[in-house]
Structure formats: structure tokens, C-alpha cells
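Participant:
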Amino acid sequence: DTGVSQDPRHKITKRGQNVTFRCDPISEHNRLYWYRQTLGQGPEFLTYFQNEAQLEKSRLLSDRFSAERPKGSFSTLEIQRTEQGDSAMYLCASSSRDWTSGDPETQYFGPGTRLLVL
Amino acid sequence: SQQGEEDPQALSIQEGENATMNCSYKTSINNLQWYRQNSGRGLVHLILIRSNEREKHSGRLRVTLDTSKKSSSLLITASRAADTASYFCATVRDDKIIFGKGTRLHILP
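Residue numbers (my numbering), protein chains in the order written: chain A, 1 to 118; chain B, 1001 to 1109.
(1) Label SER62(A) either buried or exposed according to how many other C-beta atoms from any shown protein chain fall within 10 Å of its C-beta, with 16 as the threshold for buried.
(2) If you run the structure through DSSP and keep just helix, strand and coil, what is ASP1007(B)?
(3) Would you report the Cα separation of GLY110(A) and CYS23(A), rounded to the nearest angstrom?
(4) Cβ of ALA1019(B) within 7 Å of any heavy atom in the ligand PLP?
(5) For ALA1010(B), does the count of other Cβ atoms within 10 angstroms reach 16, so buried, or fall short, so exposed?
(6) Since ARG1041(B) meets chain A, which of its residues come closer than 8 Å, beta carbon to beta carbon?
(7) Does DSSP put ASP7(A) in a helix, a strand or coil?
(8) For ASP1083(B), does the count of other Cβ atoms within 10 angstroms reach 16, so buried, or fall short, so exposed?
(9) Counting only beta-carbon atoms, is THR2(A) nearer than 8 Å to chain B?
(10) Along the chain, which unbroken stretches of the alpha helix (DSSP H) at least 4 residues long are found entirely within the region 14–49 of chain A?
(11) What residues in the region 80–91 of chain A bring their beta carbon closer than 9 Å to a beta carbon of chain B?
(12) Of the choices PHE74(A), SER75(A), PHE65(A), whose alpha-carbon is the least far from that of THR82(A)?
(13) Where does ALA1116(B) sit, in a helix, a strand or coil, going by DSSP?
Dropping the structure here:
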């Protein structure tokens, strides 16, 4: 399977615990995005990487959130001291970059990690 | 913040009918993309239309873009039960991709 994969698919944790999610993008894609989606809403942008460089972070990404893409391949998203408001689906997507226009092209999404904070 | 706003929020139609959903946005864009999401799953890309294009087709899908009105529409012809899903538009500008809240489409048998 050469699609985007995410692990775990589901995570239940107690408030105050730390959690880490992993995303493996499509291998030839240089861009990797993290989104958060709550029920009835569209995905909200959190951050993205081009290769190993983190180029932008949303204001939604508080100090408790950190993302890495150490070798420009897989990425991790860590949430420290989880709060009930962090309960959501966390989506990862990868894409290539149109070198003519510079625009991000089609994004390929993983199945998501559903987080429930009790 | 979410720039794109889909209309209607929810739509129920009979199988075989056409479904039209609209997306309005606020700022200029480089391209606009439509995605489908089945319940509880990841998003699937449907079609991308660039700012210099006005219409694009892909199978039973037809997308239009009116940059003067800052709006786009997605038409699904001859709907099927499998088209039941949420549909999102995503606007792309300066490397930022912003999704709307989506239209929930339900195809009735």
C-alpha cells in the first residue's frame, strides 16, 4: 500500500497525559500537513513541512503541541498535557509541490487518528 | 479560520438526481480543490481547478469557478448511493490550504 498511513487509528487517554501520533506520507511527496477535525467541521490546518523544514504553524497549535519530521520522511505530532478540548480527529496529508506555480497540489489524506481525552 | 463556506450545509436527494453544492470564499486564490469524506474516514481528493480555469469535468463531476464572485460549484450528475458523504472545498493561496465546513450529501434510495 503506497498511500498515507497514520498510527494509531484510535487513542483514548486521560487528561494530562501525553500522546504521540505518527504519519507516514507517500514516499515521493515532499510536503506533509497536519490537520485537526472536529465533528461537523472541516479540517483545520495545524502545521506543514516541506521536507524536514516546518514552514508554518497555525495559531491553533498551542505550546502543548509539537510536530517533527526529522528526516523529511515520516512525521510525529505530540500533544503534551492533553485536555478534553483536544479530542478530535487528527489528519495527516502529503502532497508534492507544483514547481511551476509553487502551489501545493492534490493532497492525499491518511485515515486519521481519532483522539478521545477523558 | 475557515475561508470556504459550502452551501447548503446538508442536502438530501433521490438516487439518480443531480446534486449541486456551492462554495464561497473571501480572498483571492491560486487554486480550489474539492474533497469527499465518507463517515469517519480520511478525505479523498475529487478535483482541482486553477484560478485561470472556469470549468472542469471528471467523470460525473463538474466543477465551475467564478473568481469575480469568489465562488465555485460542484455538480454530481446521476447520483448514486455511494455518493453519500460530506463534500469540502479547499482554497489554496500562498501555500495555505483552508477547508470549508462542508456539505453533507445524503442520497435516498
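Every residue gets a Cβ at the ideal spot worked out from N, C-alpha and C, and that includes glycine.
Facilitator: From the atom records:
(1) Flag for SER62(A) reads exposed.
(2) Strand, per DSSP.
(3) Approximately 8 Å between the Cα atoms of the pair.
(4) The ligand PLP is absent from the structure shown, which contains no ligands of any kind.
(5) By the 10 Å Cβ count, ALA1010(B) comes out exposed.
(6) What ARG1041(B) touches in chain A, judged by beta-carbon distance under 8 Å, is PRO111, GLY112, going in chain order.
(7) Residue state, collapsed to three classes: strand.
(8) Flag for ASP1083(B) reads buried.
(9) For THR2(A), not one C-beta of chain B is nearer than 8 Å to its own C-beta.
(10) List check, alpha helix (DSSP H) in window: nothing returned.
(11) Using a CB distance below 9 Å, the part of the region 80–91 of chain A facing chain B consists of MET89, LEU91, ordered along the chain.
(12) Selected option, being the one with the closest Cα: PHE65(A).
(13) Shown here, chain B extends from 1001 to 1109; a query on residue 1116(B) therefore has no answer.
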